[in-house]
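Notes to accompany the following structure.
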Amino acid sequence: MASFSPLMVVAVALVDADGRVLLQQRPPGKAMADLWEFPGGKVEPGETPEAALVRELEEELGIETHASCLAPATFASEPLGDRHLLLLLYVCRKWKGVPEARHATALKWLKPAHMYALDMPPADLPLIGLLEALL
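If you want it as structure tokens, here you go:
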């Protein structure tokens, strides 16, 4: 059996008052460039998933939230080269500030049903159906 090094990543479905979810487009020159994804990032050593997500949201979008505002929703597990991606998805409805694309090419608010039409990373695709059911 092959051995994989796990890569833990956190992501968030920011949900606005109209039930739309924020997606960001990966910039050119990065892995999976131009694909649309849920905002988030890698969990650093010694960091909890919630602390990582609070940090990533401030860095990537310029918004503030608290760990208590992050509701665990689901996860995805996907081979990623010589690593294995474990993606933890949270839902957040409460934050301060207006999201801005600091590290992304663009931002887009969409109802989950409209996400299927976008090019998204393989690990993100199975998460859409759960968001449809939740929202």
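Just so we're aligned, residue 1 is where the sequence shown starts under UniProt numbering, counting upward by one. Yeah, the Cβ is synthetic: ideal placement off N, Cα and C, and Gly gets one too. Note that the structure is a prediction, hence the values are computed from the model and not measured.
Asked	Found
Since Tyr90 and Leu70 should fall inside the 8 Å C-beta cutoff, what is the C-beta to C-beta distance between them, to a whole number of angstroms?	4 Å
On a Cα-Cα basis, can you pick out the residue from Glu100, Ala67, Lys108, Pro39 that is closest to Leu87?	Pro39
Once the 5 residues before and after Met32 are set aside, which same chain residues still bring their CB inside 6 Å of it?	Arg26, Pro121
Can you find the residues in the same chain that come closer than 8 Å, C-beta to C-beta, to Arg20, ignoring five residues on each side of it along the sequence?	Trp109, Leu110, Lys111
In whole angstroms, what is the alpha-carbon distance linking Leu23 and Leu135?	15 Å
Taking only the alpha-carbon atoms, compute the straight-line gap between Asp16 and Leu7 and give it to the nearest angstrom.	29 Å
Would you kindly check if the distance between the Cβ of Val10 and the Cβ of Pro41 is under 8 Å?	Per the sequence shown, the amino acid found at residue 41 is Gly instead of Pro. Going by C-beta atoms, Gly41 is nearer than 8 Å to Val10.
Between Arg93, Thr48, Ile63, which has its C-alpha nearest Arg102's C-alpha?	Ile63
Taking the continuous beta strand (DSSP E) assigned at Glu78, which residues delimit it?	70 to 80
Compare the C-alpha of Ser5 against each of Val43, Asp82, Arg93 and name the closest.	Asp82
Check each candidate in Trp95, Val12, Ile128, Ala123 and name the one with the smallest Cα separation from Ala52.	Val12
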